[in-house]
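FYI, in this note's numbering the residues of the sequence shown are 38 to 171. Using N, Cα and C, we set each Cβ at its ideal position, and we do this for glycine too. All remarks here apply to the structure that follows.
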Amino acid sequence: MPPAPTAEESREQKTAYDASSQRLEDLVRAQNPAAGPQPPVTFEQLVQQFYLSAMIQMGAGTQEGQRPRVDILGAKQTIDLLGVLAEKTKGNLTAAEDRMLQAVLFEARMAFLELTNMITMPGVPAPPPGPGKR
């Protein structure tokens with residue numbers, strides 16, 4: 038892993054990143070005046086992103102009539118990342134953030150258990166591998 042940047046390098050990089058992001062947002066808004074500014078990124082959005090990724094990896098959101106593409110090991114890793122996030126942020130979240138994270142972890146783990154129980158039941162074919170997993 039590369040060495041950590043100095044505090045000055047981090048400040049300069051953050052300033053450049055913010056300026057570049059603002060130029061991009063201005064460009065997009067100039068081409069689409071109806072588009073409002075992007076909302077700030079929140080902890081809830083981070084948790085939702087992991088949750089949606091895990092659910093999609095378990096086949097949720099599959100179009101009707103199509104066979105779900107399941108990446109069960111990827112889903113496990115994503116759920117485990119949520120668990121790491123919960124452990125590392127313990128005591129630093131608002132009550133609402135903690136409730137949301139715990140609810141998402143519960144739902145994702147339950148979906149994982151249901152899917153793994155289906156996969157491991159005798160006579161039930163395993164779902165097809167996800168893209169690039171063949």
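Quick check on V107: does DSSP put it in helix, strand or coil? As a working mapping, residue 107 is identified with position 70 in the sequence shown. Reduced to three states, the DSSP call for V107 is strand.
According to DSSP, is K51 part of a helix, a strand, or is it coil? The residue you call residue 51 lines up with position 14 of the sequence shown. Of the three classes helix, strand and coil, the one that applies to K51 here is helix, per DSSP.
How many angstroms separate the CA atom of R66 from the CA atom of V121? What you label residue 66 is simply residue 29 of the sequence shown in a count that begins at 1. What you label residue 121 is simply residue 84 of the sequence shown in a count that begins at 1. Those two C-alpha atoms are separated by around 37 Å.
Could you spell out where the alpha helix (DSSP H) holding Q86 opens and where it closes? Within the sequence shown, residue 86 is the residue found at index 49, counting from 1. F80 to Q94 is the span of the alpha helix (DSSP H), which, as asked, contains Q86.
Which same chain residues, not among the five before or five after K113, have their C-beta less than 8 Å away from its C-beta? What you label residue 113 is simply residue 76 of the sequence shown in a count that begins at 1. Leaving aside the five residues that flank K113 on each side, the residues in its chain whose CB is nearer than 8 Å to its CB run, in chain order, F149.
Considering only their Cβ atoms, is the gap separating P70 from E62 smaller than 8 Å? As a first step, residue 62 must be located in the sequence shown, where it is residue number 25. As a first step, residue 70 must be located in the sequence shown, where it is residue number 33. Not closer than 8 Å, so no.
Three or more C-beta pairs below 8 Å linking the segment 134 to 152 and the segment 103 to 119: The segment 103 to 119 and the segment 134 to 152 touch, with three or more beta-carbon pairs separated by less than 8 Å.
Buried or exposed by the 16-neighbour rule on C-beta atoms within 10 Å, applied to V84: For the purposes of this step, residue 84 is taken as residue 47 along the sequence shown, with counting starting at 1. By the neighbour-count rule (16 or more Cβ atoms within 10 Å), V84 is buried.
Could you say if the segment 48 to 58 and the segment 101 to 110 meet the contact criterion of at least three C-beta pairs nearer than 8 Å? no
So, helix, strand or coil for L142, using DSSP? Within the sequence shown, numbered from 1, the residue matching residue 142 stands at position 105. In the structure shown, L142 sits in a helix (DSSP, three-state: H, G or I).
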